[in-house]
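To convert, count from 1 in the sequence shown and add 5; that's my numbering.
Notes to accompany the following structure.
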Amino acid sequence: MKIVKVTYTVKAEFAQTNQKNVNTFITDLRNIKDSGIRYSSYLAEDGKTFTHISVHKNDAAQQNLFNLESFKSFQKQRDQSLEIEPHIEFLQLVSSSFDIFN
Numbered sequence: 006m007k008i009v010k011v012t013y014t015v016k017a018e019f020a021q022t023n024q025k026n027v028n029t030f031i032t033d034l035r036n037i038k039d040s041g042i043r044y045s046s047y048l049a050e051d052g053k054t055f056t057h058i059s060v061h062k063n064d065a066a067q068q069n070l071f072n073l074e075s076f077k078s079f080q081k082q083r084d085q086s087l088e089i090e091p092h093i094e095f096l097q098l099v100s101s102s103f104d105i106f107n
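Structure below.
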């Protein structure tokens, strides 16, 4: 299992577009129905700092995310509107109140 946390800040005027782009690729992610991917995105109180947490059962599941055209488009647009560069952390699961993968 691979867990990745990415936090970044976009320019205030781009925050709403970024939310739309995130919703677009997450909708596409749901549509491919890969049970090996758990993805969530959060917005901080400042309205422009985003945190994404991606949990992948294996490398193939992670590649399914990376191969989505909508995900590639999200990354490209985000990168052009950054205020603070992405901070990437790789996490290890200690415990959970629910089964992540059945």
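Where a beta carbon is used, it is the ideal one built from N, C-alpha and C, also for glycine.
What distance in whole Å lies between the Cβ atoms of H92 and Y44, which are believed to be in contact at a cut-off of 8 Å?
-> By 1-based counting over the sequence shown, the position of residue 44 is 39. By 1-based counting over the sequence shown, the position of residue 92 is 87. Wrong, their Cβ atoms sit about 18 Å apart, outside the cutoff.
Out of I37, F30, K7, point me to the one whose CA is closest to R83's CA.
-> Your numbering for residue 83 matches position 78 in the sequence shown. When each option's Cα is compared against that of R83, the closest is F30.
Cβ neighbour criterion (16 or more within 10 Å) applied to N36 | Within the sequence shown, residue 36 is the residue found at index 31, counting from 1. It is exposed - the Cβ of N36 has fewer than 16 other Cβ atoms within 10 Å.
Evaluate N26 with the Cβ neighbour count: other Cβ atoms within 10 Å of its Cβ, from every protein chain shown; 16 or more gives buried, anything less gives exposed.
-> To locate residue 26, count along the sequence shown from 1; it is residue 21. The residue in question, N26, is buried, as its Cβ has 16 or more Cβ neighbours within 10 Å.
Please report how far the alpha carbon of T32 lies from the alpha carbon of S101, in whole angstroms.
-> Numbered from its first residue, the sequence shown carries residue 32 at position 27. Numbered from its first residue, the sequence shown carries residue 101 at position 96. So the two alpha carbons sit approximately 25 Å from each other.
Who pairs with L87 in a beta bridge, going by DSSP?
-> Locating residue 87 in the sequence shown gives position 82, counting from the first residue. Paired residues: V15.
Which value, in whole angstroms, describes the spacing of the CA atoms of L87 and V15?
-> As a position in the sequence shown, residue 87 is number 82, starting the count at 1. As a position in the sequence shown, residue 15 is number 10, starting the count at 1. So the two alpha carbons sit approximately 4 Å from each other.
Could you pull the start and end residues of the alpha helix (DSSP H) that L48 belongs to?
-> What you label residue 48 is simply residue 43 of the sequence shown in a count that begins at 1. Counting along the chain, L48 falls outside any alpha helix (DSSP H), though it belongs to the beta strand (DSSP E) covering 42-48.
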